[in-house]
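Peer 1: Quick one: the structure is below, and I'll ask about it shortly.
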Amino acid sequence: MNPVPAFLALLLLFLKCGVPTLAQPCPIPSRPTGVVLGDGRADARVQIEVFYCLMCPDSRRVHPILRALTQRFDGADLRVAIRLFPLPYHDAGYAAAHVAHVVGGASSSVSAESGSGGESGRRDDALAIRWIEAAFAHQSRFANEAIKEMPRVLVERDLVALAANATRISESIVMREYQSGKWEKLTRVEWKLAGCWSVSGTPSFFVNGVPVAEAYNWGLNEWVVQVEALLASIPRVPARPLFFVGA
Numbered sequence: 005m006n007p008v009p010a011f012l013a014l015l016l017l018f019l020k021c022g023v024p025t026l027a028q029p030c031p032i033p034s035r036p037t038g039v040v041l042g043d044g045r046a047d048a049r050v051q052i053e054v055f056y057c058l059m060c061p062d063s064r065r066v067h068p069i070l071r072a073l074t075q076r077f078d079g080a081d082l083r084v085a086i087r088l089f090p091l092p093y094h095d096a097g098y099a100a101a102h103v104a105h106v107v108g109g110a111s112s113s114v115s116a117e118s119g120s121g122g123e124s125g126r127r128d129d130a131l132a133i134r135w136i137e138a139a140f141a142h143q144s145r146f147a148n149e150a151i152k153e154m155p156r157v158l159v160e161r162d163l164v165a166l167a168a169n170a171t172r173i174s175e176s177i178v179m180r181e182y183q184s185g186k187w188e189k190l191t192r193v194e195w196k197l198a199g200c201w202s203v204s205g206t207p208s209f210f211v212n213g214v215p216v217a218e219a220y221n222w223g224l225n226e227w228v229v230q231v232e233a234l235l236a237s238i239p240r241v242p243a244r245p246l247f248f249v250g251a
């Protein structure tokens, strides 16, 4: 076969059929993903978004730094949002992320039966943060070496039990919601969203929408300097009076 026509034929086939199937569009979540660490507001002047894997030692390392950072600034100035990107080489990472969506989902069944008082359909970021910190604290229990002989169902059971203890939600409710499948879909959507943002490792940081690779090695002091510099460059918009009373 003449190599030139063969090459052209392959090129035409690629242009006709290959391009649309190379990548799927990023799914649009039913609501914004991520949980807020601290009391940062949606309109805060500095927005930090970080992707964690709950079984990643480096994600565990930076979490106390970010928590301390949120305590240094007012919620109107700084907001830190955590998204989960379970890494495939941490065997328990995906199940741990799935559990985070379960306990943070605050569905009507979880809210009502646990007595947490949550509002139906609203995400409870505080519960999700409790689970994230519990998972980091017990990370060694779910390391690859520690669970290599365990069936997956037992790993999932232990994760659910730990989450129930950390969040004070009934273990039976957490397990039922975990097995329902509805929160697993959100876990996949958030993972795909990370891929759309070109996230390939954890922790990965975005500051006001811009990826900041060097933040991987920042300590608290470096973060404070960066946030203060941004706040100094962004004018604070004064609040408008709701009404004016004339003389």
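Quick note on numbering: the sequence shown equals residues 5 to 251 in the working numbering.
Beta carbons are placed, not taken as given, at the ideal position from N, Cα and C, and that holds for glycine.
Just how far apart, CA to CA, sit G38 and E153?
Peer 2: 32 Å
Peer 1: Opposite E53 in the DSSP bridges: which residues?
Peer 2: A85, F210
Peer 1: Indicate the three-state DSSP secondary structure (helix, strand or coil) for L41 in the structure shown.
Peer 2: strand
Peer 1: Return the bridge partner residues of P239 from the DSSP annotation.
Peer 2: Beta-bridge partners assigned by DSSP to P239: none are found.
Peer 1: Measuring alpha carbon to alpha carbon, tell me which residue in W195, A139, A96 is nearest A168.
Peer 2: Taking each of W195, A139, A96 in turn and checking the Cα distance to A168, the smallest one comes out for A139.
Peer 1: Take A141 and list the residues in its own chain whose beta-carbon comes closer than 7 Å to its own, dropping the five residues that flank it on each side.
Peer 2: If we look at A141 and ignore the five residues flanking it on each side, it has no Cβ neighbours.
Peer 1: Drop a sphere of 10 angstroms on the beta-carbon of G223, count the other beta-carbons inside from all chains shown, and report buried for 16 or more, exposed for fewer.
Peer 2: exposed
Peer 1: Return the bridge partner residues of P215 from the DSSP annotation.
Peer 2: The partner list for P215 (beta bridge, DSSP) reads F210.
Peer 1: Is S176 helix, strand or coil by DSSP?
Peer 2: helix
Peer 1: Whose C-alpha, out of H105, N148, G42, F55, is nearest the C-alpha of L197?
Peer 2: F55
Peer 1: Going straight from the alpha carbon of L234 to that of H67, what length do you get?
Peer 2: 21 Å
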